[in-house]
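Written below as structure tokens is the structure these notes are about.
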Amino acid sequence: MIHVVHHPAYVTAAPARSTYRWGKNGLIRDLLRAEGAGIAWHEPAPMPVRWLEQAHDPDYVAEVLAADVPAAKTRRIGFPITPEVAARAAAVPGGTYLAARLAMEHGFAANTAGGSHHALHDTGAGYCVFNDLAVAAIRLVEEGTVARLLIVDVDVHQGDGTAALTAGRPEIATYSIHAEKNFPARKARSTLDVPLADGIGDDAYLETLERTLAPLVAEVRPQLVLYQGGVDPYAGDRLGRLSLSLSGLARRERLVASLLAGVPIACTVGGGYGDDALAIARRHVDVILNLGHSIAGTREAVGA
Ligand SMILES: [Zn+2]
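The opening position of the sequence shown corresponds to residue 1 in the UniProt record's numbering, with each subsequent residue numbered one higher.
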């Protein structure tokens with residue numbers, strides 16, 4: 001049984017003048033629905049404003065929630081904030097938070113949206129409005145759910161917003177493995193950054209992931225991991241610069257599950273770009289299923 005968090009507000013019509021391809025979250029929901037009884041569904045409450053404001057500038061939070069975002073910030077985000085997009089932006093961090101609470105209980109849970117790792121303190125950026133990873137992480141440590149938390153970001157782009165928003169919080173560690181020459185041009189400093197050269201393939205990627213993540217997990221000893229499971233390291237991705245195969249992505253999730261054995265994992269979606277929205281949704285669903293099944297196998301093996 002895999003616990004999945006979804007909110008109807010995740011599925012919004014594309015606002016006008018959007019360069020972002022909408023519809024991915026509805027396709028992810030549909031593909032997971034096809035899994036039938038293997039999925040337990042949960043609907044989150046929107047993230048309360050006061051928790052959004054722990055990570056973001058209150059003025060920016062108010063601009064988004066009123067769907068009244070200045071043009072310069074709209075350009076940075078990549079799509080206009082309509083009332084529907086604002087409702088989605090508040091629901092997604094609530095979903096990542098609920099996935100984390102469910103992971104603490106069941107070992108693994110996934111949000112069908114989120115991983116908005118480029119959102120910064122006073123603006124969104126790169127198709128990200130609120131940083132659900134940072135917002136959820138800050139709430140989880142401040143309310144005492146966990147004392148030590150690790151955000152593992154395997155999206156092809158650096159988790160710059162997440163690193164910036166959680167800097168100076170010793171309870172939250174951040175790991176980002178990404179294509180060095182990709183967006184954002186100006187990188188932030190994660191607890192551990194692993195920049196990769198263009199074109200790296202499965203074996204070198206997986207060897208680097210294991211060599212760098214394993215010691216960080218041993219050092220941080222996280223009680224919970226928030227996973228940004230972007231599928232844009234895939235060779236066919238429009239915005240990636242790496243060359244992972246589909247089987248390489250599957251091996252990535254199995255490796256992460258084994259390196260984090262015994263640590264609850266809450267998975268978010270992250271990036272994945274191209275013309276075939278259904279194929280991209282399939283890759284995101286495979287991340288959720290591969291992680292979920294690997295973790296269920298590990299828990300059965302140790303009798304948890
Ligand atoms: Zn990305």
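Positions of the beta carbon are idealized from the N, C-alpha and C atoms, including for glycine.
query                                                                                                                                     : result
Inter-residue spacing [alpha-carbon to alpha-carbon] between proline 80 and alanine 218                                                   : 42 angstroms
Sub-7 angstroms separation of glycine 240 and valine 156 beta-carbons                                                                     : yes
Reduced DSSP category for serine 176 - H, G, I as helix; E, B as strand; rest coil                                                        : strand
Cβ contact check for the region 43 to 57 and the region 102 to 109: 3 or more pairs under 8 angstroms                                     : no
Beta-bridge pairing of leucine 150 - partner residues as DSSP gives them                                                                  : Ala173 and Val225
Where leucine 65 sits in the DSSP three-state scheme                                                                                      : helix
Beta-carbon proximity list for valine 263, same chain, < 6 angstroms, skipping 5 on both sides                                            : Pro222 and Val225
Classification of alanine 89 by the beta-carbon crowding that lies within 10 angstroms, buried from 16 upward                             : buried
Under the three-state DSSP convention, the category leucine 216 falls into                                                                : helix
Residue span of the alpha helix (DSSP H) that contains isoleucine 280, given as start and end                                             : 277 to 301
Bounding residues of the beta strand (DSSP E) (the contiguous stretch that carries alanine 9)                                             : Element bounds for alanine 9: n/a, residue is neither H nor E.
Contact under 7 angstroms by Cβ, histidine 118 with aspartate 153                                                                         : no
Through-space distance from methionine 1 to alanine 235, alpha-carbon basis                                                               : 31 angstroms
Any non-hydrogen atom of ligand 3 closer than 6 angstroms to histidine 157 Cβ                                                             : For ligand 3, the structure offers nothing, since it holds only ligand 1.
Which listed residue (Gly272, Arg75 and Asp160) has its alpha carbon closest to that of proline 195                                       : Asp160
Own chain residues within Cβ distance below 6 angstroms of tyrosine 227, not counting five before or after                                : Val152, Ile265 and Cys267
Cβ-based burial, arginine 186 [other Cβ within 10 Å; buried from 16]                                                                      : exposed
Secondary structure of aspartate 59, DSSP reduced to three states                                                                         : helix
Within 7 angstroms, strictly: CB atoms of aspartate 132 and valine 85                                                                     : no
Reduced DSSP secondary structure (H/G/I, E/B, other) of proline 93                                                                        : helix
Stretch-stretch touch, CB-based, cutoff 8 angstroms, three pairs: the region 165 to 179 with the region 129 to 144                        : yes
Terminal residues of the beta strand (DSSP E) in which valine 194 lies                                                                    : 192 to 196
Residue range of the alpha helix (DSSP H) that includes alanine 266                                                                       : Here alanine 266 belongs to no alpha helix (DSSP H); instead the beta strand (DSSP E) covers 265 to 268.
Contact check, residue 307 vs leucine 140, beta carbons under 7 angstroms                                                                 : Past the boundaries of the shown model lies residue 307; the chain is included only from 1 to 304, so the question cannot be answered.
Coil, strand or helix - leucine 244 by DSSP                                                                                               : strand
Chain-order list of residues whose beta-carbon lies under 6 angstroms from that of alanine 279 (same chain, five-residue window excluded) : none
Distance, alanine 214 Cα to leucine 249 Cα                                                                                                : 18 angstroms
beta-carbon aspartate 203 near ligand 1 non-hydrogen atom, thresh 6 angstroms                                                             : no
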